Each structure stands twice: as structure tokens, then as C-alpha cells.
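Below: the structure, in C-alpha cells.
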Amino acid sequence: MRIELMKVNLTQTKRLIRKYHGKKGILIPLLQDIQSAYGYIPTAAIEIIAQELSIFPVDIYGILTFYAQFYLTPRGKHTIKVCQGTACHVMGGKDILDYLSGKLGINQGETSQDRMFSLERVACLGCCGMAPVVVIDNAFYGRATVEKVKKLLLGYRLKKNK
Ligand code: FES
1135 MRIELMKVNL TQTKRLIRKY HGKKGILIPL LQDIQSAYGY IPTAAIEIIA QELSIFPVDI
1195 YGILTFYAQF YLTPRGKHTI KVCQGTACHV MGGKDILDYL SGKLGINQGE TSQDRMFSLE
1255 RVACLGCCGM APVVVIDNAF YGRATVEKVK KLLLGYRLKK NK
């Protein structure tokens, strides 16, 4: 299930637009700053940017969907990346991704309703000897299994309650 979009305070967006006023080639740095401020790019911010820079919102969406660094929905507290490179896929990475998708009620690229986890599928992480690989935030977990991932999820949920 995707999380509900919330009402966004656009003060930061307006301040950042002023910061770049009159400069050229500002769109990507401006979007990066807005993502740093909000954790994603709110739809309302896109509308204001389009007005202020006299460009079409669709052109901004084109950039946002081209660059994988940008997110259009709020991110979870933790990001889970499941490698789907060939070695990981063959060794059970798909089962892990399917498990997480079902357990969290989201597809890859989405964030759980409680905003604890965002789920991503990634290409080869360069450590195929440890396949299948799961990365949670900056922690690597090699030779992962659905059972190990169940325990990891539980651990992160318990940390939340401490
Ligand atoms: S295929 Fe997953 S680390 Fe290479």
C-alpha cells in the first residue's frame, strides 16, 4: 500500500527558489536541494517551480523520472535494496524481493504505510560471491534468505520501539 501524500509546507521551496533566482542551469541543483529539504520532491513544489521558472511541469517530471536519484514520494526511515543482478536473482533474490513486497504491502520504489521502509530493486552490487545480497541503509547482508530477512525486519521494527 502506498503512503498517503500529506500537505506540504512550501516555505522551504520558496526560499530555495529565491536562492537560485536569476542564475542559469539551476533546475537540477534546485531539485536536489528540495529533495534534501523534504526527503522527496513534493508535487506542490513542482507546480511552484514550474510557475517561477516559466517551464511546464511535464518537463520537470521528465527530469525527475530520468534521474534515479529523485523520489516523488516520501521515503521510509530505512531503505531496503534487494539485488536483482543475475547471480543474486538465481540464488533467491527474487524470492526475497517478493517476500518483502508482500510483507510490507508495497512494490519496489514505494514506501510502507508506517514510513519505516522503502523498497528498491538494484542491479549487481559487485559482490556476487555473497549472493543473494540485501542492503539496508548502509549495512550489507550477504547470502540472504527469506528467513534471515524476516529476522532483520523484526530487528529494525524492534529498534523503532526502543
Ligand atoms: S548480482 Fe548481486 S551482487 Fe552481483
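Counting from 1, position 43 in the sequence shown corresponds to residue 1177 in our numbering; the numbering is continuous, with no gaps. We put the beta carbon where it would ideally sit given N, CA and C, even for glycine. On a predicted model such as this, the values are computed, not experimentally measured, just so you know.
Straight-line gap, residue i to residue j (C-alpha atoms, nearest Å)
i	j	result
A1178	I1160	18 Å
V1268	S1235	14 Å
T1220	C1258	7 Å
D1232	C1217	12 Å
T1147	K1282	41 Å
I1162	Y1290	33 Å
A1171	K1157	20 Å
P1176	I1194	12 Å
L1144	Q1169	12 Å
I1183	V1256	30 Å
F1274	K1237	20 Å
Q1242	G1226	16 Å
K1284	A1278	10 Å
K1293	H1155	43 Å
P1266	L1253	16 Å
F1204	C1262	27 Å
Nearest-angstrom beta carbon gap, residue j and residue i [assumed within contact, 8 Å]
i	j	result
L1198	L1165	7 Å
T1245	G1210	4 Å
F1190	I1214	Not a contact, Cβ separation roughly 35 Å.
Simplified DSSP assignment, three categories, for residue i
i	result
A1178	helix
L1253	strand
I1168	helix
C1258	coil
V1304	The structure shown does not extend to residue 1304, since the chain is modelled only from 1135 through 1296, so no value can be given for it.
F1204	coil
Y1275	strand
H1223	helix
K1293	helix
V1216	strand
Residue j beta carbon less than 8 Å from that of residue i
i	j	result
V1280	I1230	yes
L1150	Y1174	no
D1271	H1223	no
P1208	R1249	yes
Residue i CB to nearest heavy atom of the ligand SAM below 7 Å
i	result
T1220	Within the structure as shown, the ligand SAM is missing, the only ligands being the ligand FES.
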